[in-house]
Amino acid sequence: MSAQIEDVAAPFSAIRGALPTPEEYRKRKVALISGITGQDGSYLTEFLLEKGYEVHGIIRRSSSFNTSRLHHLYEDQHERPNKFKLHYGDLSDSTNLVYIIAQVQPTEVYNLGAQSHVKVSFEMAEYTGDVDGLGTLRLLDAIRTCGLEKHVRFYQASTSELYGKVVETPQSETTPFYPRSPYGVAKLYGFWITVNYREAYGMYSCNGILFNHESPRRGRTFVTRKISRAAADISLGKQSCLYLGNLDAKRDWGHARDYVEGMWLMLQQEAPEDFVLATGETHPVREFVEKSFAVLGITVKWRNTGTEEEGYDAKTGKVIVRVDPRYFRPAEVELLLGDPTKADRLLGWKRKVDFDSLVKEMVEADLEASKTRIENQN
Ligand code: NDP
Ligand code: GDR
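Per UniProt numbering, the very first residue in the sequence shown carries number 1; after that it's consecutive.
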């Protein structure tokens, strides 16, 4: 079987010449990140550049600007020539992935690219399956096609959405999966194909099962950022009301900067393993709302109108939060609470930012941004 695998790799090895041993190869520190333009991609890039890595990222062609989270790093280019490079590509395009891997010859690959919105995945189920599920396979196979499966370390962005329906809490590496969305199901494929390539081909490939992590760079349609941004706008009189879905869903929310360090640590071990990264605390969406407004000196009180629940400003009586069923999901994940004991024990990983500090940082950043924002800019 292994002879066959080497045959597949032969054409690229021939072009490149004989490969050094995996130990020699890894002396170079070259990272390739899919999803580099996203929240985690930007923090991971900062982290790896600080560690002296050469960082390559895959970006999608877009009609509007999609590299705003990387802008500050691009500016630094003059100080760090040849340390940071972007390549056009897509997880749905195998040929392109093979080409990028052959060109970059990375030592570490972080697969962060995904259609990452759970609600959207119900509307774009096939696309989500293609990019989040098969996209993982395409990237793993691109590494094999280039004959680099024994040389490259691979990180897969797995998720607490794999747990879905509550089977047990807290959720750990041994908790059975029960995904509740096309996104979760697609990521389940990504999880197992990562395990399978580790077992079948001896690849150093591992899953980080990350619970929700947020930051001022979080996409605006995820609930925390939607809340922090609306709270800031409402406090400045730029918006009157925040419309949300399920206020009672509970999440284990940490800070993205802490979590990217955990991703890197997973690739620095002797042997590849899967790890949960979480805070070990859970909070309802409702609490995120209350704490966000509290940062701005506004106390939210709740009342039931008979048909729905609404939140009002305790001082002015104005309704500032309403429930809109459009934001409900066909199937909901009610409770996520992670157990990060294994990561603590084997990686020495611990979250640094607690819930209250996370809320404060996000709201204060949005308040500053709201003061200077010009609407309808691309
Ligand atoms: P974002 O949504 O902020 O970023 C997603 C990234 O994937 C973007 O760079 C996006 O590009 C890119 N992307 C989307 N579709 C494709 C495609 N077809 N081909 C290549 N790239 C694509 O996600 P996060 O940074 O929050 O999350 C990073 C990863 O971690 C994702 O895989 C997510 O599913 C997973 N995850 C996230 C958690 C979280 O709480 N943040 C928790 C657990 C897992 P573009 O900018 O062009 O849209
Ligand atoms: P999630 O994050 O689905 O956990 O996936 P999101 O912030 O979208 O939802 C969290 C919870 O809040 C409820 N909710 C709302 N959500 C959104 N987006 N908008 C609303 O108006 C709203 N009102 C209530 C949701 O129903 C849900 O229960 C995120 C993504 O980053 C995934 O990619 C990642 O894998 C998981 O976190 C871990």
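All residues carry an ideal CB built from backbone N, CA and C; glycine is no exception.
All figures in this text were calculated on a predicted structure; none of them were measured in a lab.
Per-residue DSSP class, three states only, for residue i
i, result
"Q239", "coil"
"W302", "strand"
"V166", "coil"
"R322", "strand"
"K119", "helix"
"F222", "coil"
"L91", "coil"
"H255", "strand"
"G297", "coil"
"E309", "strand"
"F355", "helix"
"G348", "coil"
"K29", "coil"
"K360", "helix"
"E54", "strand"
"L244", "strand"
"Q103", "helix"
"Q171", "strand"
"I193", "helix"
"I374", "coil"
"K315", "coil"
"residue 380", "Absent from the model: residue 380. The displayed extent of the chain is 1 to 378, so no value can be given."
"L137", "helix"
"K85", "strand"
"P11", "Here the model assigns P11 a pLDDT of 48, short of 50, so the residue's position is not dependable, and the following value carries that caveat. It is helical."
"S68", "helix"
"R144", "helix"
"S181", "coil"
"P22", "helix"
"Q268", "coil"
"R329", "coil"
"M263", "helix"
"E161", "helix"
"E199", "helix"
"E149", "coil"
Beta-bridge pairing of residue i - partner residues as DSSP gives them
i, result
"K250", "P284 and L335"
"N111", "S34 and Q156"
"D130", "DSSP lists no partner for D130."
"S205", "F154"
"H213", "G254"
"F275", "G208"
"L48", "Answer by DSSP bridge pairing: none, since L48 is not bridged."
"I59", "Y88"
Nearest-angstrom Cβ-Cβ length linking residue i and residue j, presumed shorter than 8 Å
i, j, result
"K342", "E173", "6 Å"
"residue 392", "K250", "Any property of residue 392 remains undetermined from this structure, which presents the chain solely from 1 to 378."
"V321", "G306", "Not really, about 17 Å apart at Cβ, beyond 8 Å."
"D344", "K350", "6 Å"
"V167", "P176", "5 Å"
"V300", "E290", "5 Å"
"V276", "I209", "5 Å"
"A157", "F211", "Not a contact, Cβ separation roughly 12 Å."
"D132", "Q115", "6 Å"
"K238", "S370", "6 Å"
"K83", "L49", "6 Å"
"V366", "R229", "For the record, residue 366 in the displayed sequence is Asp; it is not Val. Contact holds; Cβ gap of about 5 Å."
"Y53", "K85", "Contact flag wrong, Cβ pair sits at about 12 Å."
"F47", "W264", "6 Å"
"I227", "S292", "5 Å"
Cβ of residue i within 8 Å of any chain B Cβ
i, result
"Y53", "Among the chains of the structure shown, chain B does not appear; only one protein chain is present."
Any non-hydrogen atom of the ligand FAD within 7 Å of residue i CB
i, result
"L137", "This structure simply doesn't include the ligand FAD; it includes the ligand NDP and the ligand GDR instead."
For this session: Examine the Cβ distances between the stretch 246-258 and the stretch 176-195 and report whether three or more of them are shorter than 8 Å.
Result: No contact exists between the stretch 246-258 and the stretch 176-195.
Exercise. Going along the chain, which residues put their C-beta within less than 5 Å of some heavy atom in the ligand GDR?
Worked result: Residues flagged by the Cβ proximity filter: S116, V118, T159, S160, E161, N212, F222, V223, L244, G245, N246, A249, V285 and Y327.
Exercise. Can at least three beta-carbon pairs, one atom from the stretch 21-30 and one from the stretch 94-102, be found at a separation below 8 Å?
Worked result: Counting C-beta pairs with one atom in each stretch, the stretch 21-30 and the stretch 94-102 have fewer than three that are closer than 8 Å, which means they do not touch.
For this session: Could you tell me whether the stretch 295-310 touches the stretch 143-158, where touching means 3 or more Cβ pairs closer than 8 Å?
Result: Verdict: no, contact absent.
Exercise. Is there contact between the stretch 190-207 and the stretch 121-141, where contact requires at least three CB pairs shorter than 8 Å?
Worked result: Yes, the stretch 190-207 is in contact with the stretch 121-141.
Problem set entry | At least 3 beta-carbon pairs within less than 8 Å: the stretch 208-224 vs the stretch 27-44 | Proximity of the stretch 208-224 to the stretch 27-44 meets the contact definition, three or more beta-carbon pairs being nearer than 8 Å.
For this session: Spell out a yes or no on whether the stretch 147-156 and the stretch 322-334 are touching, meaning 3 or more CB-CB pairs, one atom from each, closer than 8 Å.
Result: With the cut-off at 8 Å, the stretch 147-156 and the stretch 322-334 do not touch.
Exercise. Okay, do the stretch 236-243 and the stretch 280-288 touch, 3+ Cβ pairs below 8 Å being the bar?
Worked result: By the Cβ criterion, the stretch 236-243 is not in contact with the stretch 280-288, since fewer than three pairs of Cβ atoms, one from each stretch, lie closer than 8 Å.
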